[in-house]
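Trainee: There's a structure below that I have some questions on.
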Amino acid sequence: MILKEKARFLLLKYIEAEIPESFEKKVHIHDALMKKNPGNTEKEPNLLDLKIEIAKEIFKNCTFCERRCMVNRYEKSGFCRVKSSLISCAFPHYGEERVLIPSGTIFFSGCNANCVFCQNWDISQYLNGEEWSAAKTAGWVSMNKMRNGIINVNFVGGEPTPNLLYILEVLKELDVNIPIIWNSNFYMSEETMKILNGVIDLYLSDFKYGNNERALEYSNLPNYWDIVTRNHKIAHEQCDMIIRILVLPGRWIEEDLPRILDFIEKNLSNARINLMSQYKPEWKADMYPELSRRLTDKEWQRACEILSRYSVKRL
Ligand code: SF4
129 MILKEKARFL LLKYIEAEIP ESFEKKVHIH DALMKKNPGN TEKEPNLLDL KIEIAKEIFK
189 NCTFCERRCM VNRYEKSGFC RVKSSLISCA FPHYGEERVL IPSGTIFFSG CNANCVFCQN
249 WDISQYLNGE EWSAAKTAGW VSMNKMRNGI INVNFVGGEP TPNLLYILEV LKELDVNIPI
309 IWNSNFYMSE ETMKILNGVI DLYLSDFKYG NNERALEYSN LPNYWDIVTR NHKIAHEQCD
369 MIIRILVLPG RWIEEDLPRI LDFIEKNLSN ARINLMSQYK PEWKADMYPE LSRRLTDKEW
429 QRACEILSRY SVKRL
């Protein structure tokens, strides 16, 4: 992934911002400044600072995702179990899509979903990591860009959404020109989508299901389809997207995959698709007969055949 000019979070630092007391005024000024072009020098305070202040207010009554727990995260955690951000591990990742490697991948612990087949269940379903200061994480990025040639910062987990405030604070500390990837289940709230606008250079989404029922059964995510389709449409207006589709065994191939591809073809013309075959039964998948095995060759061929009917761009 090549940056045309500057990473978008750096440009936010070039837009001067007033930071008023009231939440409503902060949001009002934010929305007006999002239409403004950046100047030539860094300003203080700036639009990134304003986004941080808005995120701090939401943090006190958390609605970063559509769980809308409304808990004060300074005092306790909500459904995702994340109070303050925990980094489970961080390394230059060579296993991501070819256009993204080496990717400076930062794995957070905790998640707002409970996917019964979670491939990262040890960090998503249990809190398992260390608190790093924002300055330490920014330093990790700078050092890995210089020494290991990482070409992006890839915030993932678990899930990045509960860590929105922390991520913005890291970007405040970061002065390296490097694109930012939001690698997520896309169950964010509209408030979060608005804050992410201008921060993220590439959305890397994990599009799991083509209907609400299966999302509730396998991932405990109410109204999944309505929320993630809304967020994909918003994200598509903001920047580039790569959509990962992990092929699940069984009914999913005939029932979910065509609906997901239909939606992408009709609504997300610039998105690129990565159809993934590496599903393996993890965590509680053995309790669900159709998820308790890998894909067969025939199922994978069928998924590829369905994909071939669409004109969506593939990686
Ligand atoms: S990020 Fe989502 S799940 Fe976590 S506390 Fe906030 S609203 Fe709840």
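Going from the sequence shown to the working numbering is simple: count from 1 and add 128. Even for Gly, the Cβ is constructed at its ideal location relative to N, Cα and C.
1. Does the beta-carbon of F236, which I'm using as the reference point, lie nearer than 7 angstroms to any heavy atom of ligand 1?
2. Closer than 7 angstroms to a non-hydrogen atom of ligand 1 - does that hold for the CB of G378?
3. What would DSSP say about I130, mapped onto helix, strand or coil?
4. Using DSSP with H/G/I as helix, E/B as strand and the rest coil, what is E410?
5. Any beta-carbon of chain B closer than 8 angstroms to the one on N398?
6. How is D334 classed by DSSP in three states: helix, strand or coil?
7. Excluding five sequence neighbours on each side, which residues of the same chain lie with their C-beta closer than 7 angstroms to the C-beta of D414?
8. Got a sec: does ligand 1 put a non-hydrogen atom nearer than 7 angstroms to the Cβ of G206?
9. Please give me, in chain order, every unbroken run of the beta strand (DSSP E) with length at least 3 that falls completely inside the region 199 to 240.
10. Is any heavy atom of ligand 1 found at a distance shorter than 7 angstroms from the C-beta of F192?
11. What is the DSSP secondary structure of K184, counted as helix, strand or coil?
12. May I ask you to report which of helix, strand or coil DSSP gives I401?
13. Considering only heavy atoms of ligand 1, does any lie closer than 7 angstroms to the CB of C246?
14. Could you check the C-alpha separation between N402 and P148 for me, to the nearest Å?
Mentor: Short version:
1. Every heavy atom of ligand 1 is 7 angstroms or more from the Cβ of F236, so no.
2. Because no heavy atom of ligand 1 lies under 7 angstroms away, the Cβ of G378 does not count as near it: no.
3. Legend: pLDDT at I130 = 49, less than 50; position of this residue unreliable, no value from coordinates given.
4. Coil.
5. Among the protein chains of the structure shown there is no chain B, as only one such chain exists.
6. DSSP places D334 in strand when its eight states are reduced to three.
7. Within the same chain, D414 has close Cβ partners S420.
8. True, at least one ligand heavy atom lies under 7 angstroms from that Cβ.
9. Taking only runs of at least 3 residues, the beta strand (DSSP E) segments lying wholly in the region 199 to 240 are 215 to 221, 231 to 236.
10. At least one heavy atom of ligand 1 is nearer than 7 angstroms to the Cβ of F192, so yes.
11. Of the three classes helix, strand and coil, the one that applies to K184 here is helix, per DSSP.
12. Of the three classes helix, strand and coil, the one that applies to I401 here is strand, per DSSP.
13. Not under cutoff, so the answer is no.
14. Going by the C-alpha atoms only, they are around 43 angstroms apart.
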